[in-house]
Every structure is written in C-alpha cells, then in structure tokens.
Amino acid sequence: MKQLTLSGTSSRSDILIGRGLLGQAASHILEVFSPSRVHIVADSNVAPLYLDKLASQFDLPVSSTVIPAGEAYKRLTTVETIYRDLLEAGMTRKDLVIALGGGVTGDITGFAAATFLRGVSLCQVPTTLLAQVDSSVGGKTGVDLPEGKNLVGAFYQPRLVLIDPDVLDTLPAQTFVDGMAEVIKAGYIANPDILSMVSAPDYRANIENIIYECVKMKRDVVAQDERDTGLRMILNFGHTVGHAAEKLGNYTALTHGQAVAIGMVAAMQISNQLGTDTDLLPGLIDILQKVGLPTELTNDREEIFHALLSDKKKMGATVNFILVRTPGKAEIVPIAAETLHPLILNL
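The sequence shown maps to residues 0 to 346 in numbering that gives the first Met the number 0.
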C-alpha cells in the first residue's frame with residue numbers, strides 16, 4: 000500500500016492507494032474518524048456492486064443515499080435529496096459522510112458534506128479511474144447549472160481518500176478509457192514519465208503505479224495552490240473547450256473523459272496557431288487514439304466559442320487557456336476574447 004498526504008491551509012488529506020483497500024475500508028476509516036453513524040452516497044451503478052460490501056464492515060448505524068448515475072444528475076436537486084436523507088438519518092457534525100463512486104458522485108457528495116450543517120466529515124472512496132487519479136483528490140466539489148459545468152461548488156478537502164485499483168476490474172471498458180484522459184493530461188502538464196508508462200503495450204498491468212504518479216502530481220500542485228488562483232489552473236488542460244463541448248451536448252453526448260481528450264487536442268491546436276517550436280499535436284493524437292479516446296471536435300465552432308465564455312476560467316474579457324509546448328510543462332496563457340474567437344473558428 001502506498002500513502003500520500005496533502006496538507007492544505009486548514010486541513011489534511013491522507014490518501015491511501017492499494018489493492019484490496021475497499022475490503023478493509025472500515026478499519027482504515029475508523030483509524031481517522033470517530034463517528035457515531037455513517038452515511039454512504041453511491042450512484043445506481045455502483046450501489047449494487049459495492050454499497051453492501053462497504054456498509055457491512057461497520058458496527059455502527061449506516062444509512063445511505065443512492066443517486067441516479069450520470070452527469071445529467073449533477074444538480075442541486077440531487078444535493079437536496081442527500082440533505083433530506085442526512086436529516087432523516089439523524090446525522091450530526093461529528094458523523095461521517097462517505098462518497099462511494101465516480102467523479103460525479105464524489106463532486107455531489109463533497110458539496111453536500113461541505114454545506115450540510117456547515118460541514119461534516121468526508122471520506123472519498125473513488126471507484127472509477129477518473130475519480131481515482133483526479134476528482135477525489137484536491138477538495139474541489141460542485142454541481143452543474145444549465146449555464147455551465149461546476150458553476151456552484153466549494154473547496155472542501157476529504158480527510159481520507161481510499162483508492163483501490165481492484166475495483167477498476169468491474170468498470171465498463173469505456174468508463175475505464177474515460178479516466179485515461181486525466182492520466183494523459185497529468186503526463187503532458189507535469190510528468191512525461193506517465194506518458195511513457197501509458198505507451199507500454201500492457202500499461203493496465205501497471206495501473207497502480209500510474210494512479211500513484213497521477214495523484215502525487217496533483218497532490219504537489221494542490222499543496223502549492225489549494226484555492227485554484229495560480230498554479231492549480233494547469234490541471235485544466237483540455238477542460239476549457241472540453242467543458243464547452245460537454246455543455247453543448249447537454250452532458251450526455253460526451254463523457255467527461257471524451258470531452259477532455261477533445262479539449263486537449265483543441266488546446267494543442269491553439270498552441271500551434273499561436274506559435275511553438277515543437278508540434279506536439281501528432282503525439283497527443285496518437286496516445287489518445289491508442290487508449291480509445293476521441294480527438295475530433297464535432298461541434299459548431301461558433302457555438303463552442305460562446306459556450307466557453309460562460310466558463311469559470313473566463314476572467315473579465317480574457318479566458319485562461321492551459322497550453323503545453325514542452326511535455327511536462329504547462330503554461331497559463333490569458334487570451335483576450337477577440338483574439339480567441341478566430342483561434343476557435345480555425346480548430
């Protein structure tokens with residue numbers, strides 16, 4: 000088992016990574032927390048697989064909320080359902096909420112934990128690759144609005160994150176592939192060794208080390224910029240155009256991983272338009288296609304431009320784009336809207 004610690008300004012997250020952790024979850028959880036009761040939130044895909052396995056490990060009262068699976072349900076109405084279940088279960092501020100599932104479940108549950116009674120303890124148990132390498136770590140929580148993705152949220156660090164690579168064996172193939180977009184992102188923005196590991200023919204056999212390197216990278220970035228005002232913005236590589244494409248598809252036409260993959264290609268194309276010594280686009284397309292991710296933006300470019308103007312990364316009249324001109328080194332580049340418009344039209 001590997002362990003990492005993320006120390007924030009007023010909080011600490013212990014992150015454990017190891018095969019078989021889900022079957023030992025309660026013992027690790029009760030080493031950190033002393034709740035009188037536990038509430039587990041899982042979605043309709045994960046609950047039949049793992050909810051009972053986790054709940055049965057506790058000798059104290061356990062309640063649960065099963066939410067519908069999918070980004071389309073990452074809404075305030077879902078958070079309200081969790082609030083009501085927490086109240087019905089008699090949860091107090093000394094008790095524990097566990098997010099058991101993928102990125103959507105983790106984001107929704109984290110936001111509910113951050114805001115219920117002004118904050119209850121939170122443990123993340125991510126069950127998808129995307130959640131394990133990215134969304135369960137770092138404390139970003141939130142929900143979508145019709146106007147855009149993650150426009151309502153909070154920074155709220157989980158005290159404990161338990162990552163069990165064994166649960167990835169039950170993922171549908173496409174769900175696993177979606178997570179690879181965040182893995183490849185980590186390689187391009189900070190650690191090219193990750194790209195080398197993914198390029199191996201049997202990279203899935205090395206998935207525990209790949210997860211560790213991705214989480215370590217994110218831990219290091221978040222430790223320097225917990226509130227996403229500087230360095231942490233590099234984690235948005237591929238997300239600016241990606242979020243716009245998700246929004247235009249009503250969060251159902253593309254998965255998050257597919258959107259990020261397309262968004263990384265778009266960001267690399269913008270790098271080339273602005274000028275770069277090395278064209279990294281062919282290599283990015285090759286590795287994305289190798290793992291089964293899309294690389295072509297099919298949306299109307301004018302619609303993409305107007306959709307990304309509502310993104311959180313827009314600052315006044317500029318949009319912060321994350322560009323990569325050297326593998327392992329990301330740049331935060333503010334681009335004025337009038338400059339960005341023709342760049343988007345030329346994608």
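Glycine included, C-beta positions come from ideal geometry on N, C-alpha and C.
Exercise. Nearest-angstrom Cα distance between Tyr187 and Met216?
Worked result: Spanning the two alpha carbons is a distance of roughly 11 Å.
Problem set entry | In chain order, each alpha helix (DSSP H) run of at least 4 residues that lies wholly inside the stretch 126-214 | 172-188 and 191-198
Exercise. From Val96 to Ala130, what distance separates their C-alpha atoms?
Worked result: 17 Å
Exercise. How about Ile206 and Pro164: do their beta carbons lie closer than 7 Å?
Worked result: Yes. Within cutoff.
Problem set entry | Under the three-state DSSP convention, the category Glu337 falls into | helix
Problem set entry | Buried versus exposed call for Asn235 [16 or more other C-beta atoms within 10 Å across all chains shown] | buried
Problem set entry | Cα-Cα separation, Glu212 to Arg226 | 22 Å
Exercise. Hey, how far is the Cα of Pro281 from the Cα of Lys246?
Worked result: 27 Å
Problem set entry | Straight-line Cα distance separating Tyr82 from Asp285 | 45 Å
Exercise. Pairing CB atoms from the stretch 61-81 with CB atoms from the stretch 131-146, are three or more of them under 8 Å?
Worked result: yes
Problem set entry | Limits of the unbroken alpha helix (DSSP H) element including Ile81 | Leu75 to Glu87
Problem set entry | Where the beta strand (DSSP E) containing Val290 begins and where it ends | In this chain, Val290 is not harboured by any beta strand (DSSP E); it is covered by the alpha helix (DSSP H) spanning Leu280 to Val290.
Problem set entry | Whole-number beta carbon distance between Ile14 and Ile162, since they are thought to touch under 8 Å | 7 Å
Exercise. What are the partner residues of Leu95, as DSSP defines its beta bridges?
Worked result: Val37 and Ser120
Problem set entry | Nearest neighbour of Leu296, chosen from Val220, Leu48 and Ala244 [CA to CA] | Ala244
Problem set entry | Euclidean distance between Cα positions of Leu59 and Val132 | 30 Å
Exercise. Leaving out five residues before and five after Leu159 in sequence, what residues of the same chain have Cβ atoms less than 6 Å from its Cβ?
Worked result: Asp13, Val31 and Cys122
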